[in-house]
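Visitor: Following my numbering, the numbering of the sequence shown begins with 693 at its first residue and continues without gaps.
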Amino acid sequence: MKFFTYILKSELDGTYYYGHTKDLAGRLKKHNDGKVRSTKSKKPWILHYHEMFDSKSEAYKREMFFKSIDGYILLKNKNII
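1) In this structure, does DSSP put residue 749 in helix, strand or coil?
2) Comparing alpha-carbon positions, which option in 703, 708, 693 and 731 lies nearest residue 764?
3) When the Cα atoms are used, what is the spatial distance from residue 720 to residue 727?
4) Measure the alpha-carbon distance for residue 723 versus residue 741 and round it to whole angstroms.
5) What three-state label does DSSP hand residue 738 in the structure shown?
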């Protein structure tokens with residue numbers, strides 16, 4: 693089974709959301725259906741970027757890295773965000 697770290701971009705205001713999941717398409721649908729409390733006010737969302745991992749813990753660690761200042765700098769320097 694594969695796991696994903698993903699970055700969504702709000703089409704409403706251009707903000708980003710970081711997460712991890714094992715079902716990328718299903719998770720995006722939940723965000724856009726308003727079933728995720730933290731993102732329902734900024735829908736619709738598009739999948740902006742993702743990475744694939746072999747374990748849930750790797751995907752979670754990458755999500756936490758993206759949420760750190762070092763992760764932010766990396767994403768900015770690579771023109772991902």
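Even glycine gets a Cβ: it sits at the ideal position worked out from N, Cα and C. All values reported here derive from a predicted model rather than from experimental measurement.
Guide: On the basis of the data shown:
1) In the three-state DSSP reduction, residue 749 falls in the helix class (H, G or I).
2) Here the closest residue by C-alpha is 708.
3) Taking the straight line joining both Cα atoms gives about 10 Å.
4) When rounded, the distance between both Cα atoms is 15 Å.
5) If DSSP states are grouped into helix, strand and coil, residue 738 belongs with the strands.
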